[in-house]
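Asker: Attaching a single structure in structure tokens format; questions to follow.
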Amino acid sequence: MNRNGKKFKQIFANQKVAAVIMKMDQLFIKLPHLPKKLLSFINKVMPWLALVGGIIGGVTVVLSFLLTVLSLIALDFALIMTMAGSLLLVLLNTLFLVKAFKPLRNNDAVGWIYLFWANILGLVNTTISIVNGDIFGWQQISLTILMTIVGFYLLFEIGGYYEFKREEVVTTDKPSPTTVA
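The opening residue of the sequence shown carries number 60 in the working numbering; numbering runs sequentially from there.
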């Protein structure tokens, strides 16, 4: 793993973050659980769903960037701020989804934590959209809240499949060549 990847992991997927996230598990532990076969299936497809979400997010980032540029042309400060904020949230969400793929395939808890952060960003984006009036009407707001809760429920349901993996330390210590004089 490169240096930036390690730094990203140290910030967003360390043991302290995992401990805080596990406190949220208390909210979901009392709810009914899904059948083991269904959980196993969800666990198998989750890396691929994250990857597809990341690819779709990449397209969305490009479109959000273009809309942000168009908002600059309009010289509407509120629109510029909304588009720039949206671009940032979509970019971060996409980054978490793409970075989650490999750890999820290895059943590493780091991937699960990245999915957690992607859900948190989705919650922030939803809240901003409701406050801005982009999502209106009790039906849309209720559906959005329900989908957010279902997302967290499914995430915590499959949490047991993931564990922190120790990083393998690769040493490149080679014996120094001896010179014969």
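We put the beta carbon where it would ideally sit given N, CA and C, even for glycine.
Taking all protein chains shown into account, decide if D135 is buried (16 or more other Cβ within 10 angstroms of its Cβ) or exposed.
Answerer: Along the sequence shown, read from residue 1 onward, the residue named residue 135 stands at position 76. D135 comes out exposed.
Asker: Whose C-beta lies closer than 6 Å to the C-beta of F155 among residues of the same chain, with five residues either side of it excluded?
Answerer: By 1-based counting over the sequence shown, the position of residue 155 is 96. The answer, listed in chain order, is Y173, W176, A177.
Asker: Kindly identify the DSSP beta-bridge partner or partners of E216.
Answerer: As a working note, residue 216 is residue 157 in the sequence shown. Partner(s): none; E216 has no beta bridge.
Asker: Under the three-state reduction of DSSP, which class applies to D135: helix, strand or coil?
Answerer: Position 76 of the sequence shown, counted from the start, is the residue given in the question as residue 135. Coil.
Asker: Could you check what DSSP says for D167 in three-state terms: helix, strand or coil?
Answerer: By 1-based counting over the sequence shown, the position of residue 167 is 108. Here D167 sits in strand by DSSP.
Asker: Taking contact to mean at least 3 C-beta pairs separated by less than 8 Å, is the segment 93-104 in contact with the segment 187-197?
Answerer: No, the segment 93-104 does not touch the segment 187-197.
Asker: Whole angstroms is fine: what's the gap from Q69's alpha carbon to W171's?
Answerer: Numbered from its first residue, the sequence shown carries residue 69 at position 10. Numbered from its first residue, the sequence shown carries residue 171 at position 112. Cα to Cα, the separation comes out at about 15 Å.
Asker: Grab the span of the alpha helix (DSSP H) containing A78 for me, first residue to last.
Answerer: In the sequence shown, counting from the first residue as 1, residue 78 sits at position 19. Where A78 is concerned, the enclosing alpha helix (DSSP H) stretches over 74-87.
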